[in-house]
Amino acid sequence: MNIVKDRGRWRIRQGKNGKTYSLSLDHKPSKAEAERLMAELIAKSEVVVDKDMLLIDAIENYCSIKSKVLSPATIRGYHTIKRALPEYLTYKMLSDIDNLTIQRAINDYSVNHSPKSVKNAYGVITAVVLPFIRTSMYSSDDCSQRTLHPYNGRS
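In our numbering, the protein residues as written are -3 to 151.
And the structure:
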C-alpha cells in the first residue's frame, strides 16, 4: 500500500487480484486508518455473483453495480427489459441457462419489440450470464465447445 501526497491531497493506492484501488483524502491518514479505508473500498467494489442466483436478481445486481457508470435512461431501459423478458428465462438459475434458452427467449422477445430493443436485451443478458453459460446444446463429441459471444455489430 502506498500513501503519497499528490497536488495537496493524500492518495492511498493498493493492488489486489490484478486491480489497483485508489483513494484520495484531504488529510494524512495513519497506517491503521489507511488499511481500514482500503479494506472498505475493496469490499464495496468486489461483487459476489452466485451461479445459483436467478437471472432477474442478477440483472438487478448488474444494474446496481453499473448505476454510477451508465446513464439513468440506460438503467431504466434495463429494468424495462427485465420486466419484459419471458418468465421461463428470468426465473431460471444462472447455472441452468444455456445458449438455446437464451436464443428462444430472444426470439420470443423480438416478436413485440424493435431490433434495437432486442439488441439491448441480448446485451444485458450476455453481460450477466456470460461467466456462467453452459454449452449444453453441443455434445462433448463436437470438435469444439462453443460459447456465447457478445454481439459486436459485425456479421
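Glycine residues also receive a C-beta, built at the ideal position from the N, C-alpha and C atoms.
A quick note: this is a predicted structure, and the numbers were derived from the prediction, not measured.
Selection 113, 5, 10, 28 evaluated against residue 22 yields 5 as nearest (Cα-Cα). A straight line joining the alpha-carbon of residue 34 with that of residue 19 spans about 7 Å. Here residue 65 carries a coil assignment [DSSP, helix/strand/coil]. Per DSSP, residue 119 is one residue of the alpha helix (DSSP H) stretching across 111 to 125. The three-state reading of DSSP puts residue 26 in coil, since its state is none of H, G, I, E or B. Between the C-alpha atoms of residue 27 and residue 61 there is a straight-line separation of about 29 Å. The criterion of a C-beta distance shorter than 8 Å is satisfied by residue 90 and residue 54.
In this structure, residue 51 and residue 124 form a Cβ contact; the two beta carbons are roughly 7 Å apart against a cut-off of 8 Å. In this structure, residue 98 lies away from residue 71, with their beta-carbon atoms at least 8 Å apart.
Taking C-beta atoms under 8 Å as the contact rule, residue 17 and residue 38 qualify, at a distance of about 6 Å. Around the CB of residue 78, 16 or more other CB atoms lie within 10 Å, so the residue is classed as buried. If you check the CB distance, residue 105 and residue 80 come in under 8 Å.
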